[in-house]
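Numbering (this note's numbering) for the sequence shown: 28 to 196. Cβ atoms here follow ideal geometry from the backbone N, Cα and C, with glycine treated the same way. Here is the structure we will look at.
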Amino acid sequence: MVFTVTTKCNLNCSYCFQNNTQRQDAGEDIISALPGFIRREAGERPAIKKVRLSLFGGEPLLRQAACLTLLDYVQRECAALALQFEGGIVTNGLGADPDFWQTAAKFGLKKVQVTIDGSEKVHDGFRQLNGAGTYKPLLSLCSRLSGTFQMSLKYNLNRRSAECFEGFV
């Protein structure tokens, strides 16, 4: 299940499909309803043995408390229903509080997906935070998290990034 925590983002990538959407957060009512939804679905579908929750955005790390709440709610509900739980997040990896990753792991986060847009020069041309490139901080984050989480790297292909793909691999 993919849960859009927010459509807000801390980057302004020119190609983003969400640039023309009204940016907003998932409401607390939706967040608090998720355990009940899981309970109903598991009750109606006894073949369900595992719940996979992927935190998505915009940039979910803009709402770290909501991410942790969701992971906690779903992990506890799965435990009560004797279901396996696996949490994931699709993120640009920028701006997490130092304790976020450790707490998220305790709440069942296992997978982290980040996106690279090409070589450092190409990536930083697309993805800047407050005027600074994000390539090096992103690779540093991947290195730090790889011992705790299953890391997944998504490579955006376009005319500019395709030219440097072979060198990246």
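Around the Cβ of residue i, are there at least 16 other Cβ atoms within 10 angstroms (buried) or fewer (exposed)?
i: residue 70; result: exposed
i: residue 29; result: exposed
i: residue 129; result: exposed
i: residue 180; result: exposed
i: residue 184; result: exposed
i: residue 118; result: buried
i: residue 87; result: buried
i: residue 145; result: buried
i: residue 176; result: buried
i: residue 106; result: exposed
Only counting the same chain, and skipping five residues up and downstream in sequence, which positions put a Cβ closer than 6 Å to that of residue i?
i: residue 115; result: 81 and 138
i: residue 182; result: 143
From the DSSP output, in three-state form, read off residue i for me.
i: residue 100; result: helix
i: residue 115; result: strand
i: residue 83; result: strand
i: residue 109; result: coil
i: residue 176; result: coil
i: residue 42; result: coil
i: residue 160; result: strand
i: residue 155; result: strand
i: residue 129; result: helix
i: residue 138; result: strand
i: residue 35; result: coil
i: residue 52; result: strand
i: residue 62; result: helix
i: residue 190; result: coil
i: residue 67; result: helix
Which same chain residues end up closer than 8 Å to residue i when comparing Cβ atoms and leaving out the 5 residues on each side of it in sequence?
i: residue 102; result: 112, 114, 134 and 135
i: residue 99; result: 134
i: residue 43; result: 36
i: residue 163; result: 147
i: residue 95; result: 127, 130, 131 and 134
i: residue 49; result: 34
Hey, would you say residue i sits closer than 8 Å to residue j, going by beta carbons?
i: residue 52; j: residue 79; result: no
i: residue 141; j: residue 84; result: no
i: residue 104; j: residue 62; result: yes
i: residue 75; j: residue 97; result: no
i: residue 151; j: residue 158; result: no
i: residue 156; j: residue 38; result: yes
i: residue 59; j: residue 153; result: no
i: residue 168; j: residue 122; result: no
i: residue 188; j: residue 149; result: yes
According to DSSP, residue i sits in a beta bridge with which residue or residues?
i: residue 29; result: 81
i: residue 143; result: 182
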